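Peer 1: Submitted below is the structure of interest, expressed as structure tokens.
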């Protein structure tokens, strides 16, 4: 029995010495060690004590190997997320060869026609790829630092016994930080993220893929491997817009040669000839087919986001209405279609159609529909910022967001 007690003590010490390993949650607790070693020593009571220690140390080494393997698995997962992007870029590269080389250079005989087609094709391609690039690599904007709370306050929230207790803590923290908050949790409390340990700003949500809270979160797009949110929503809509126009243009200009391909095929079938059309003809056939297919699929998404922009909603808000102090209200941020578009694209048409930053505000403070939310009396101590000079013009239809806290 002395052997057993000393064995358990040494094994416990071994565990404590290994608590600093990278993946601490994977290590067994002291209670788990005692339970596992009791059974192990009962069945191997007569064995040498050193072999028991060796068994436990081997298990720790196995855990260590798991720890070193996890970052590599994460790296593989991060790499897999780029597969849709690589697919799109490969498709665009092939379509460039099919359209420019096979159709414009090798198939079209008229020089003016070649020049016109290529002069329109390349600006559309540049705008499409430029918007795509900005959507992917525009930095995702998270909550400002004042929305994050200390570890002590986070522990207080976690240890709260009731919803009312947690609500009171969040109200106190929000008042101390002078935060501007309009939207609420479904139970009426201030929205809080336990993962990021921050109070969620208006319209912000936590992205489980990016593992962080994002301002004006719309959705996570696998085709861009990025969050579509406050920072890049304009670029995402422009990406859909220029991709749809690009596909429509390619389909319209290649239709003539698509028809010629089928005429050649039908002639071969009638004559019973075994001659196969050249590979260039197949490129023209597939570039028309692919542009039609992607044009149709992109159009539905593009017009849906135009609708959301006109309503000043995100994808999440279209399925789950934002909750204000007065309750859920889908039209809470609707300022009228013109002002809604100006909030995303600005007031200058030329700047609106190219992927440069023109989105108004800071992603935290938002204007609201004062007709539906007239009960929210809001001072203008925290006005919305803008890059446009005319942003200070405030319509009587709306009020500017300000430092509103719940449960006054």
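Numbering (our numbering), first residue to last: 844 to 1251.
Heads up, the beta-carbon is just placed ideally off N, CA and C, and yes, glycines get one too.
Note that this is a predicted model, so its numbers are computed, not measured.
I'd like the list of long-range same chain contacts for residue 1041, defined as Cβ closer than 7 Å, with 5 residues on each side in sequence excluded.
Peer 2: Position 198 of the chain shown, counted from the start, is the residue given in the question as residue 1041. Cβ neighbours of residue 1041 beyond the five flanking positions: 986, 990, 991, 992 and 1056.
Peer 1: Taking only heavy atoms of the ligand HEM into account, decide whether any of them is closer than 7 Å to the Cβ of residue 1178.
Peer 2: Ligands in the displayed structure: none, and consequently the ligand HEM is not present.
Peer 1: Which ranges does the beta strand (DSSP E) cover as unbroken runs of at least 3 residues, wholly within the region 1015-1083, from first to last along the chain?
Peer 2: Here the runs fully enclosed are 1048-1050, 1055-1057, 1062-1064 and 1069-1071.
Peer 1: Does DSSP put residue 1207 in a helix, in a strand, or in coil?
Peer 2: As a first step, residue 1207 is located in the chain shown; it is residue number 364 there, counting from the start. Correct three-state label for residue 1207: coil.
Peer 1: Just grab the DSSP bridge partners of residue 1155 for me.
Peer 2: By one-based count along the chain shown, residue 1155 stands at place 312. Answer by DSSP bridge pairing: none, since residue 1155 is not bridged.
Peer 1: Exposed or buried, which one is residue 929 when buried takes at least 16 other CB atoms within 10 Å?
Peer 2: Taking the first residue of the chain shown as 1, we reach residue 929 at position 86. Residue 929 comes out exposed.
Peer 1: How big is the Cα-Cα spacing for residue 1187 and residue 974?
Peer 2: Reading the chain shown from its first residue, position 344 is the one you call residue 1187. Reading the chain shown from its first residue, position 131 is the one you call residue 974. About 15 Å.
Peer 1: Indicate the three-state DSSP secondary structure (helix, strand or coil) for residue 1167 in the structure shown.
Peer 2: Taking the first residue of the chain shown as position 1, residue 1167 is located at position 324. Residue 1167: strand per DSSP, three-state reduction.
Peer 1: Quick one: give me the first and last residue of the alpha helix (DSSP H) that residue 1181 is part of.
Peer 2: Taking the chain shown and counting its residues from 1, one reaches residue 1181 at position 338. From DSSP, the alpha helix (DSSP H) with residue 1181 extends over 1180-1188.
Peer 1: Less than 6 Å between C-beta atoms, sequence neighbours within five positions excluded: which residues of the same chain meet that for residue 1191?
Peer 2: Indexing the chain shown from 1 puts residue 1191 at position 348. Counting only Cβ-Cβ distances below 6 Å, and skipping sequence neighbours, we find nothing.
Peer 1: Name the residue from 1214, 978, 964 and 1034 whose alpha carbon lies nearest to the alpha carbon of residue 1074.
Peer 2: Here the question's residue 1074 lines up with position 231 in the chain shown. Of the listed residues, the one whose Cα sits closest to residue 1074 is 978.
Peer 1: Should residue 1163 be labelled buried (16 or more other beta-carbon atoms within 10 Å of its own) or exposed?
Peer 2: Stepping through the chain shown from its first residue, residue 1163 is reached at position 320. Counting Cβ neighbours within 10 Å, residue 1163 comes out exposed, since fewer than 16 surround it.
Peer 1: Could you tell me which of 1189, 1030, 1018 and 1019 sits nearest to residue 1007, measuring between CA atoms?
Peer 2: For the purposes of this step, residue 1007 is identified with residue 164 of the chain shown, where counting begins at 1. Considering only alpha carbons, the answer is 1030.
Peer 1: Quick check on residue 962: buried or exposed, where buried means 16 or more other Cβ atoms within 10 Å of its Cβ?
Peer 2: By 1-based counting over the chain shown, the position of residue 962 is 119. Looking at its Cβ environment, which holds fewer than 16 other Cβ atoms inside 10 Å, residue 962 is exposed.
Peer 1: With a cut-off of 8 Å, do at least 3 Cβ pairs link the region 1085-1103 to the region 1012-1029?
Peer 2: Judged by Cβ distances under 8 Å, the region 1085-1103 makes no contact with the region 1012-1029, as fewer than three pairs qualify.
Peer 1: With a Cβ-Cβ cutoff of 8 Å, do residue 983 and residue 1064 count as a contact?
Peer 2: Mapped onto the chain shown, residue 983 falls at position 140. Mapped onto the chain shown, residue 1064 falls at position 221. Going by C-beta atoms, residue 983 is not nearer than 8 Å to residue 1064.
Peer 1: In angstroms, rounded to a whole number, what distance separates the CA positions of residue 785 and residue 1077?
Peer 2: A query on residue 785 cannot be resolved here, the shown segment of the chain reaching from 844 to 1251 and no further.
Peer 1: Using only the alpha-carbon positions, how far apart do residue 1043 and residue 988 sit?
Peer 2: On the chain shown, residue 1043 is found 200 positions in, with the first residue counted as 1. On the chain shown, residue 988 is found 145 positions in, with the first residue counted as 1. Straight-line Cα distance between these residues: approximately 11 Å.
Peer 1: Could you say which of 1025, 1180, 935 and 918 lies nearest to residue 1171 if we only look at CA atoms?
Peer 2: Walking along the chain shown from the start, residue 1171 turns up at place 328. When only C-alpha atoms are compared, the closest one is 1025.
Peer 1: Suppose contacts are defined by Cβ-Cβ distances below 8 Å. Is residue 1062 in contact with residue 945 by that definition?
Peer 2: Working through the chain shown from its first residue, we reach residue 1062 at position 219. Working through the chain shown from its first residue, we reach residue 945 at position 102. Not closer than 8 Å, so no.
Peer 1: Quick one, are the C-beta atoms of residue 1149 and residue 1157 less than 8 Å apart?
Peer 2: Sequence index remark: in the chain shown, residue 1149 carries index 306 (1-based). Sequence index remark: in the chain shown, residue 1157 carries index 314 (1-based). Cβ atoms of residue 1149 and residue 1157: not closer than 8 Å.
Peer 1: Please check the pair residue 1060 and residue 1048, which I expect to be a contact at CB under 8 Å, by giving their CB distance rounded to whole angstroms.
Peer 2: Counting from 1 along the chain shown, the entry for residue 1060 is found at position 217. Counting from 1 along the chain shown, the entry for residue 1048 is found at position 205. Right, their Cβ atoms sit about 4 Å apart.
Peer 1: Suppose you measure from the CA of residue 1159 to the CA of residue 1038; what does that come to, to the nearest Å?
Peer 2: Mapped onto the chain shown, residue 1159 falls at position 316. Mapped onto the chain shown, residue 1038 falls at position 195. In a straight line, the C-alpha of residue 1159 is about 19 Å away from that of residue 1038.
Peer 1: Return the CA-CA distance between residue 1087 and residue 1142, expressed in angstroms with no decimal places.
Peer 2: For the purposes of this step, residue 1087 is taken as the residue at position 244 of the chain shown. For the purposes of this step, residue 1142 is taken as the residue at position 299 of the chain shown. Near 6 Å, if we compare the C-alpha coordinates of residue 1142 and residue 1087.
Peer 1: Does the Cβ-Cβ distance between residue 1195 and residue 1204 come in under 8 Å?
Peer 2: For the purposes of this step, residue 1195 is identified with residue 352 of the chain shown, where counting begins at 1. For the purposes of this step, residue 1204 is identified with residue 361 of the chain shown, where counting begins at 1. In this structure, residue 1204 does not lie closer than 8 Å to residue 1195 by Cβ.
Peer 1: Closer than 6 Å by C-beta to residue 1173: which residues in its own chain qualify, once you throw out the five before and the five after it? Chain order, please.
Peer 2: Counting from one through the chain shown, the residue named residue 1173 turns up at place 330. 1164.
Peer 1: To the nearest angstrom, how far is it from the Cα of residue 970 to the Cα of residue 1177?
Peer 2: Within the chain shown, numbered from 1, the residue matching residue 970 stands at position 127. Within the chain shown, numbered from 1, the residue matching residue 1177 stands at position 334. Going from the Cα of residue 970 to the Cα of residue 1177 covers about 29 Å.
Peer 1: At which residues does the alpha helix (DSSP H) containing residue 960 begin and terminate?
Peer 2: Within the chain shown, residue 960 is the residue found at index 117, counting from 1. 954-980 is the extent of the alpha helix (DSSP H) around residue 960.
Peer 1: Should residue 1105 be labelled buried (16 or more other beta-carbon atoms within 10 Å of its own) or exposed?
Peer 2: Translated into the one-based positions of the chain shown, residue 1105 becomes position 262. With fewer than 16 Cβ atoms within 10 Å of its Cβ, residue 1105 is classed as exposed.
Peer 1: Assuming residue 1058 contacts residue 1206 (C-beta within less than 8 Å), just tell me the rounded distance between them.
Peer 2: Within the chain shown, residue 1058 is the residue found at index 215, counting from 1. Within the chain shown, residue 1206 is the residue found at index 363, counting from 1. With 8 Å as the limit, residue 1058 and residue 1206 qualify as a contact, their Cβ atoms being about 4 Å apart.
Peer 1: By how many angstroms is the C-alpha of residue 1080 removed from the C-alpha of residue 1144?
Peer 2: Taking the chain shown and counting its residues from 1, one reaches residue 1144 at position 301. Taking the chain shown and counting its residues from 1, one reaches residue 1080 at position 237. Looking at the two C-alpha atoms, the distance is approximately 9 Å.
Peer 1: Using CA atoms only, rank isn't needed, just tell me which of 1010, 920 and 1133 is closest to residue 935.
Peer 2: Residue mapping note: residue 935 aligns to position 92 of the chain shown, counting from 1. The candidate whose alpha carbon is nearest that of residue 935 is 1133.
Peer 1: Can the beta-carbon of residue 1000 be found less than 8 Å from the beta-carbon of residue 1013?
Peer 2: Walking along the chain shown from the start, residue 1000 turns up at place 157. Walking along the chain shown from the start, residue 1013 turns up at place 170. Cβ atoms of residue 1000 and residue 1013: closer than 8 Å.
Peer 1: Could you spell out where the alpha helix (DSSP H) holding residue 1216 opens and where it closes?
Peer 2: One-based indexing of the chain shown puts residue 1216 at position 373. It is not in any alpha helix (DSSP H) - residue 1216 carries neither H nor E in the DSSP assignment.
Peer 1: So the candidates are 1210, 1046, 921 and 1199; which of them puts its Cα closest to the Cα of residue 1252?
Peer 2: Within the shown structure, residues of the chain are numbered from 844 to 1251, placing residue 1252 beyond reach of any answer.
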